[in-house]
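Single-structure report; data block below.
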Amino acid sequence: MVVVMKERATEAQIDKVIARLIEMGMDVHRSSGATRTVLGVVGAHKIDPQLIGILDGVHEVLRITEPYKRASRAFKPDDTIVQLDDVRIGGDEVIVMAGPCSAETDEQVMASAAAVKRAGAKILRGGAFKPRSSPYSFQGLGEQGLQMLRRAADAHNLKLVSEVMDVSQIELIGKYCDIYQVGARNMQNYTLLRELGHVRKPVLLKRGISATIEEWLLSAEYILSGGNNDVILCERGIRTFETATRNTFDISAIPVVKKLSHLPIVADPSHGAGRRDMVAQLARAAVAAGADGLLIEVHPCPSEAWCDADQALAPDDFATLMARLDAVAGAVGRRLASASKERAAAVA
Ligand code: PEP
Ligand code: MN
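The end of the sequence shown is residue 338 by our numbering, with every number in the run present.
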């Protein structure tokens, strides 16, 4: 439930309400808005709202009608910002995470990191554990891949996001990455989500291939309910009857999620399109729709990529995309994290 305090509620009154709720065994999240304080309340058992409604300073007590609680906008009206040093996901700036689908060689990872950094990305992406449709396809380099990715991220002052497929990999991947990625195929791996609720690193939660937005937010709830508040959602396209693109990129999911939840949402136009000639358009559309960031596959030699070769961008194409993105961000009141006027002028 949500406890809305009166506009002129005093700090002492707010503290008293919080103390009473904690005494009743509830978890409380306080949001202090410009005019009112709102308390998001969850717990294993139901409490009588009237017991709280009569306390001094309380304006009203509302039920959260959505099945997810902590992930809902009602529970926490202000946007969540996931912060990694100076990189803030969910704030004014649009943050770009880019790199290869998977780590292949030291040279390939290093060249990818150099290229995405040069173009303005803040976070290096790359998988060392790959969820492939076929058991005969390349499955990733494992720890060796993580080492390559970490070295390249450090060499170029980038943060690192990498996929975790199973509970048994959490500890190992945690030694190398800054953000855990949960792939589309694992969005409903509830054991994994529960464990990630106990880690102290952000989790990028991709939307399942055929998941509704409600199911996706319920998956986020698994992580949040374990005590990890740093969840970043990622729209990466869903499976529909359409075959012209690899997936159908659900642009409307972005404003829908923004309305329903306080969590940041980024978009992955690479997996959304599945073909490199459409990645830039979808990236611009996502930013225009309100995405807090992008996840884009970039490879020094796309046609030779060991996985997802059709959708990887060459470094030059990525740089062009980045230079043009700031204008889109500006049109919707945002800015690209590393936008540089010189870069934009270079491709204008
Ligand atoms: C990926 O990011 O390379 C990936 C496997 O994505 P998804 O889980 O969205 O298919
Ligand atoms: Mn991929």
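Even glycine gets a Cβ: it sits at the ideal position worked out from N, Cα and C.
Checklist entry - How would you label THR55, buried or exposed, when you count the other beta carbons within 10 angstroms and need 16 or more for buried? => result exposed
Next on the checklist: Would CYS91 and ALA304 be called neighbours here (beta carbons separated by less than 8 Å)?
Outcome noted: no
Checklist entry - Should LEU41 be labelled buried (16 or more other beta-carbon atoms within 10 Å of its own) or exposed? => result Under this definition LEU41 is an exposed residue.
Checklist entry - Among all the DSSP beta bridges, which residues are the ones paired with ALA88? => result LEU114 and ILE286
Item to check | Closer than 5 Å to the ligand ADP: residues, by C-beta to nearest heavy atom, in chain order | outcome: With respect to the ligand ADP, the structure shown offers nothing to examine, as its ligands consist of the ligand PEP and the ligand MN.
Checklist entry - Among ASN176, VAL256, VAL318 and GLU294, which one has its Cα closest to the Cα of ARG78? => result VAL256
Next on the checklist: In whole angstroms, give me the CA-to-CA distance for CYS167 and SER260.
Outcome noted: 21 Å
Item to check | Alpha-carbon spacing of ILE71 relative to ASP282, whole angstroms | outcome: 10 Å
Checklist entry - Are GLN137 and PRO290 touching if we call contact CB-CB under 8 Å? => result no
Checklist entry - Are the Cβ atoms of SER152 and GLY198 separated by less than 8 Å? => result In this structure, GLY198 does not lie closer than 8 Å to SER152 by Cβ.
Checklist entry - At a cut-off of 7 Å, is LYS149 close to the ligand PEP when judged by its beta-carbon and the heavy atoms of the ligand? => result no
Checklist entry - Between which two residues does the beta strand (DSSP E) harbouring LEU194 extend? => result 193 to 196
Checklist entry - Of the choices GLY47, MET16 and MET14, whose alpha-carbon is the least far from that of VAL(-6)? => result It is GLY47 whose Cα lies nearest to the Cα of VAL(-6).
Item to check | Euclidean distance between Cα positions of HIS35 and MET(-9) | outcome: When the Cα atoms are used, HIS35 and MET(-9) turn out to be separated by approximately 11 Å.
Checklist entry - Distance, Cα to Cα, ALA2 vs LEU45? => result 12 Å
Item to check | SER251 - DSSP class collapsed to helix/strand/coil | outcome: Strand.
Item to check | Nearest residue (CA-CA) to PRO57, options LEU250, VAL157, MET14 and SER127 | outcome: In terms of CA proximity to PRO57, LEU250 leads the group LEU250, VAL157, MET14 and SER127.
Next on the checklist: Could you compute how far the alpha carbon of ASP96 sits from the alpha carbon of MET87?
Outcome noted: 19 Å
Checklist entry - In whole angstroms, what separates the C-alpha of ARG314 from that of LEU162? => result 37 Å
Checklist entry - Among the residues of its own chain, which have a CB less than 6 Å from the CB of ALA201, if the five just before and after it don't count? => result MET177
Next on the checklist: As a quick exercise: from GLU133, HIS146, GLU83 and LYS59, pick the residue whose alpha carbon is nearest that of ALA101.
Outcome noted: HIS146
Checklist entry - What are the uninterrupted segments assigned as alpha helix (DSSP H) that are 4 or more residues long and contained completely in the segment 207 to 257, given in chain order? => result 243 to 250
Next on the checklist: Contact defined as beta carbons within less than 8 Å: I believe ALA149 pairs with LYS112. What is the distance between those atoms, to the nearest angstrom?
Outcome noted: The question names Ala, but residue 149 in the sequence shown is Lys. That pair is a contact at about 7 Å.
Checklist entry - If we ignore side chains and look at the alpha-carbon of each, how far apart do GLN171 and ARG(-2) end up? => result Separation of GLN171 and ARG(-2) (C-alpha to C-alpha, rounded to the nearest whole angstrom) is 42 Å.
Checklist entry - Can you give the beta carbon distance from ASP156 to LEU182, rounded, assuming they're within the 8 Å contact cut? => result 7 Å
Checklist entry - Distance, Cα to Cα, GLU294 vs MET312? => result 23 Å
Checklist entry - What do you get for LEU253, buried or exposed, if any count of 16 or more other CB atoms within 10 angstroms of its CB means buried? => result Counting Cβ neighbours within 10 Å, LEU253 comes out buried, since at least 16 surround it.
Checklist entry - Can you name the start and end residues of the alpha helix (DSSP H) that THR25 belongs to? => result First-last for THR25: undefined, no H or E at that position.
Checklist entry - Mind pulling the alpha helix (DSSP H) runs of 4 or more residues that sit fully within the segment 53 to 77? => result Within the segment 53 to 77, no complete alpha helix (DSSP H) run reaches 4 residues.
Checklist entry - Can you tell which of LEU208, TRP206 and SER158 has its C-alpha closest to the C-alpha of GLU185? => result SER158
Checklist entry - Is DSSP giving GLU50 helix, strand or coil here? => result strand
Next on the checklist: Quick check: the Cα distance between SER215 and ASP306, rounded to an integer number of angstroms?
Outcome noted: 42 Å
Checklist entry - With distances taken from CA atoms, which of VAL269, VAL18 and ILE222 is nearest ASN237? => result VAL269
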